[in-house]
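Residue numbers (the numbering used here), protein chains in the order written: chain V, 204 to 455; chain L, 194 to 598.
For glycine and all other residues, C-beta sits at the position ideal for the given N, C-alpha and C.
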Ligand SMILES: Cc1ncc(C[n+]2csc(CCOP(=O)(O)OP(=O)(O)O)c2C)c(N)n1
Ligand code: SF4
């Protein structure tokens, strides 16, 4: 009897359970990254720069060479790796506390220099690993452990829209915001990450994808409710779409 | 071999790095080290390498971490305030066993301080500097030639031990010009990091460079491995001992201050004074055993630094209990000349200086030995009792000073 394989793990992904909470989107996004590394045949030339947050253990799930960066510094570390080995494929995977707060300077300047690296930015509107504190992306009115009565714009400012900011920088070749809450969005995310990887392999410029993601644990929600929140609350403020897809001349 | 070239200390460091095969340089402007990134911005590119002017010293040091993870010889340079910002990455590099060269052209501090020479970053350099339980190798050149040579050495040591190596200079070294004899550029050794560096997991298992160790006992194991590495580094201890053999008093000083002190020692030798100079070149590991051996021979010690007294603590740890060290301080904003050191050296030679000596007052207070201690003192220290003034509260162990080992 012949077997038809309908589902299997990508080669770039280790066959092991993740440490993520039920309903967390990190695992889903990891898998998409693994599929793209396989499809683009990048695994054997990839150097992952992992960041500080729940996804620090990404190196336990992706079968690639990896180095751990200090909190927020992944784009600087990736700059160093890439400048040292221009022929390798280098990407970072960062949370919103890591990238949009402590690492704001590093992400802005790596993007502006047009470093030939790719960044997967997972925005779940909280600091997940440290227990759900307010992040720069926390939504107006959203309750967290450090804004228990809800984020108040008067004292905390408004949530930062990173994809729009990054798209405005010269060295950026591709920049998009996506989600993985529906099959359609998941497919869009895969396409976007692929493009963000392609602009690096083509030598065009910096690639960036912001993926809206859940944190059911710190949102105090069931996985289902958390998934629904993406469309109900996040997408209206963080619109999905491709903000920049430039050709080589524009971002020299 | 090429002829001599006339270089600033900063430039000598940059030239040394290129001769050592440095392929990536990450900089950020700060006085008095600017010549290094300025020179590197074109020279390293001509040599087929990469220059990045980073957005901050935090980023520059983390770029160094990245290049190190890729197994490529790389360097960053800064001056004191910028060094504070580099400590994060240096700690991660130490924790992840990553090699790299970091140059500190020390200026006055704390805070913004000034832009003149200082040795105020001694503690930061030799005691770790960032968070956690780690050390970096520290090399302290005193001449432009040494700056060139030690920079080349720094790269070799970084890769031998897979550890960050610091070059600690100051504004005097960075800004003075001297002839330097260049070395033959190093032949690249593609095997240098091949067993551990990140190249993409092609035909081999994946590699992971990290400093996070959460499993039970894992961090303890890593820290013990680091400790063993620091022990091994003792094989690298370097120092200059000048006229120490028959000296009664040994002046201990590092870097440019060591060089100025050497001139003072020379001048005093010409006048028949039995003084010598001990100049640690590796500040970590510190040449404690060599100092202890001198102490065992009955020498007295005077430490001179361009700060309020930092290395003197390591000198004392090395020479106690056989001896102790007096201290003479050069303050920021002062450019010492050899003559400035003659008085304090003579005072210590007589056993009159106080150990925590305020600058310029080294001769004002005297050690007052107890009868028992005075008896233990050798002929070399008869002057101690004759000096006017009260016993300094810190001068409690004069007896140890003259004791024969
Ligand atoms: C310098 C420094 N400051 C703070 C921390 C503590 N810390 C660990 S993870 C984290 C935030 C992670 O949040 P985020 O980047 O949003 O990722 P998530 O866990 O939500 O995926 C913080 C603040 C740290 N490790 N280092
Ligand atoms: S805390 Fe949040 S981000 Fe972290 S694993 Fe759990 S759900 Fe995911």
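- Our two residues, residue 362/L and residue 446/V, have alpha carbons roughly 48 Å apart in a direct line.
- Distance between residue 536/L and residue 317/L, taken at the CA atoms: about 30 Å.
- Residue 320/V and residue 400/V have their alpha carbons spaced roughly 8 Å apart.
- When distances are taken from the beta-carbon of residue 419/V to the heavy atoms of ligand 2, the shortest one is below 7 Å.
- DSSP places residue 201/L within a strand segment (E or B) once states are collapsed to three.
- Residue 262/V reaches chain L at 401, counting residues in chain order whose Cβ is nearer than 7 Å.
- With respect to the C-alpha of residue 299/V, the residue from 322/V, 373/V, 285/V, 317/V having the closest C-alpha is 322/V.
- Taking C-beta separations shorter than 7 Å and ignoring five residues to either side along the sequence, the partners of residue 217/L in its chain run 242, 243, 260, 265, 267, following chain order.
- At least one heavy atom of ligand 1 lies closer than 7 Å to the C-beta of residue 333/V.
- With at least 16 other beta carbons inside 10 angstroms of its own, residue 282/L counts as buried.
- DSSP places residue 318/L within a helical segment (H, G or I) once states are collapsed to three.
- Of the residues assessed, residue 208/V falls on the exposed side of the cut-off, its CB having fewer than 16 other CB atoms within 10 angstroms.
- Of 239/L, 205/L, 300/L, the smallest CA-CA separation from residue 528/L is found for 300/L.
- A direct Cα-Cα distance of roughly 54 Å separates residue 197/L from residue 215/V.
- At least one heavy atom of ligand 1 lies closer than 7 Å to the C-beta of residue 330/V.
- In the structure shown, residue 328/L adopts coil according to DSSP, grouped into three states.
- At a cut-off of 8 Å between beta carbons, residue 270/V contacts chain L.
- Around residue 376/V, the same chain offers 402, 407, 408, 409, 410, 449, 454 as residues with beta carbons nearer than 7 Å, after the five sequence neighbours per side are excluded.
- Under DSSP, residue 268/L takes part in a beta bridge, and its partners are 218/L, 294/L.
- Excluding its 5 nearest sequence neighbours in each direction, residue 392/V has C-beta neighbours in its own chain below 8 Å: 232, 235, 381, 382, 383, 412, 414, listed in chain order.
- Beyond the five residues adjoining it in sequence on each side, residue 390/V comes within less than 7 Å, by CB distance, of no other residue in the same chain.
- At least 8 Å separates the CB of residue 210/L from every CB of chain V.
- Here residue 326/V carries a strand assignment [DSSP, helix/strand/coil].
- Within the same chain, 346 come within 8 Å of residue 352/V by CB-CB distance, once the 5 residues on both sides are set aside.
- Under the three-state reduction of DSSP output, residue 370/L falls in the strand class.
- For the pair residue 512/L and residue 203/L, the Cα-to-Cα distance works out to about 34 Å.
- With a cutoff of 8 Å on beta-carbon distance, residue 276/V and residue 306/V are scored as near each other.
- When 8 Å is used as the limit between beta carbons, residue 338/V is near no residue of chain L, the shortest such separation being about 20 Å.
- Think of a sphere of 8 Å around the beta carbon of residue 395/L: the chain V residues whose beta carbon falls inside it are 247, 248, in chain order.
- In the three-state DSSP reduction, residue 315/V falls in the helix class (H, G or I).
- Ligand 1 has no heavy atom closer than 7 Å to the beta-carbon of residue 249/L.
- Residue 274/V has its Cβ nearer than 7 Å to a heavy atom of ligand 1.
- Taking the beta carbon of residue 243/L as reference, the chain V residues within 7 Å of it are 286, listed in sequence order.
- Counting along the chain, residue 238/L sits inside the alpha helix (DSSP H) bounded by residues 228–239.
- DSSP places residue 497/L inside the beta strand (DSSP E), whose first and last residues are 493–498.
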